[in-house]
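Undergrad:
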Amino acid sequence: MAILYEAVLVAAWLLAVCGRGVVTPPEGGALSAVLLLGIGWWLWSEMASRREVDRGRRLSLGQWWGFDAAVRHAATPLVIGGCLAVVVWASMRASFDVRLGGYGALLVLFTLIVMAAKLVAETYLFAQIGGDESPRQASAQALTGPLSKWAKLRYVLGVFGGVILPLGAQMLAGGAKNIPAVSDASAPALVATIALISLIPGEMIERWLFLRT
Numbered sequence: 001m002a003i004l005y006e007a008v009l010v011a012a013w014l015l016a017v018c019g020r021g022v023v024t025p026p027e028g029g030a031l032s033a034v035l036l037l038g039i040g041w042w043l044w045s046e047m048a049s050r051r052e053v054d055r056g057r058r059l060s061l062g063q064w065w066g067f068d069a070a071v072r073h074a075a076t077p078l079v080i081g082g083c084l085a086v087v088v089w090a091s092m093r094a095s096f097d098v099r100l101g102g103y104g105a106l107l108v109l110f111t112l113i114v115m116a117a118k119l120v121a122e123t124y125l126f127a128q129i130g131g132d133e134s135p136r137q138a139s140a141q142a143l144t145g146p147l148s149k150w151a152k153l154r155y156v157l158g159v160f161g162g163v164i165l166p167l168g169a170q171m172l173a174g175g176a177k178n179i180p181a182v183s184d185a186s187a188p189a190l191v192a193t194i195a196l197i198s199l200i201p202g203e204m205i206e207r208w209l210f211l212r213t
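Using the working numbering, the letters of the sequence shown correspond one by one to residues 1 to 213.
Below, the structure written as structure tokens:
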């Protein structure tokens, strides 16, 4: 539940940043920028603090930790928050019959980059299958053995929810080479919603696999 709480805060912060860019106040712009920076710093500090607690707990139990684990831990609320922000942004724009726009494209790009970094960090673990016995090797062997079905499901949901469908929402909104943009502004919002529905179970499975192994 803490991850979902952090994801909502991340989404709110991203939407606030994008909203400030669209509707620039005639006065107080500098103050709003400072407030957003302060809130962002506080949010990141809270996430980093929880990551350190989890790191200490895992190491005390003889489990593994490293840069890849830190990336996976930090990226979970970021990618869910990014996708949630895309859904809210696309839905709000669709209510005015307007497509994603430049800030919507940036939210999609943010989601894609974070998801790609997380998938790379997850895949790195499988390089530990060979070599000397270690907690990492045991985790990798479990993910390719008794937990392989769950690991495959996680990758499918992650790729679709965090990469393919958000990219599809952007292509529907802005078009691409030889692909015209759709005229219905609600289509990107619908695809983004399906992406979020796919992404959240995938991230919960990833967290469960991480703790299980």
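Each residue gets a CB set at the ideal place from its N, CA and C atoms; glycine is no exception.
The model shown is predicted, which means the values in this text are computed figures rather than measured ones.
Taking its Cβ as the centre, do 16 or more other Cβ atoms sit within 10 Å of aspartate 68, making it buried, or is it exposed?
TA: It is buried - the Cβ of aspartate 68 has at least 16 other Cβ atoms within 10 Å.
Undergrad: Roughly how many angstroms lie between the CA atoms of glutamine 170 and valine 86, to the nearest whole one?
TA: Using only the alpha carbons, I get a separation of about 10 Å.
Undergrad: Please classify isoleucine 129: does DSSP put it in a helix, a strand, or coil?
TA: Note: isoleucine 129 maps to coil in three-state DSSP.
Undergrad: The alpha helix (DSSP H) with leucine 100 in it runs from where to where?
TA: That residue, leucine 100, is in no alpha helix (DSSP H); it is neither H nor E in DSSP.
Undergrad: With isoleucine 3 and threonine 76 assumed to form a contact (beta carbons below 8 Å), what rounded beta-carbon distance in angstroms separates them?
TA: Sure, about 5 Å apart at Cβ, within 8 Å.
Undergrad: Note down, in chain order, each residue of its chain lying with its Cβ closer than 7 Å to the Cβ of glutamine 216, except the 5 sequence neighbours on either side.
TA: Because residue 216 is not part of the residues shown, which for the chain are 1 to 213, the question remains open.
Undergrad: To the nearest whole angstrom, what separates the beta carbons of alanine 127 and alanine 192, a pair I think is in contact under 8 Å?
TA: That belief does not hold up - the Cβ atoms of alanine 127 and alanine 192 are roughly 33 Å apart, past 8 Å.
Undergrad: Can you tell me the Cα-Cα spacing of glycine 104 and leucine 147, whole angstroms?
TA: Roughly 36 Å between the two C-alpha positions.
Undergrad: I'd like the list of long-range same chain contacts for alanine 187, defined as Cβ closer than 7 Å, with 5 residues on each side in sequence excluded.
TA: Within the same chain, alanine 187 has close Cβ partners Leu172.
Undergrad: Roughly how many angstroms lie between the CA atoms of valine 10 and alanine 116, to the nearest whole one?
TA: Near 18 Å, if we compare the C-alpha coordinates of alanine 116 and valine 10.
Undergrad: Using the C-alpha atoms, what's the distance from tryptophan 42 back to methionine 92?
TA: Rounded to whole angstroms, methionine 92 to tryptophan 42 spans 27 Å at the Cα level.
Undergrad: Please look up how many angstroms separate the CB atoms of lysine 118 and arginine 72, rounded, as I've assumed it's under 8 Å.
TA: Contact holds; Cβ gap of about 6 Å.
Undergrad: In or out: arginine 212 buried (at least 16 other Cβ within 10 Å) or exposed?
TA: By the neighbour-count rule (16 or more Cβ atoms within 10 Å), arginine 212 is not buried but exposed.
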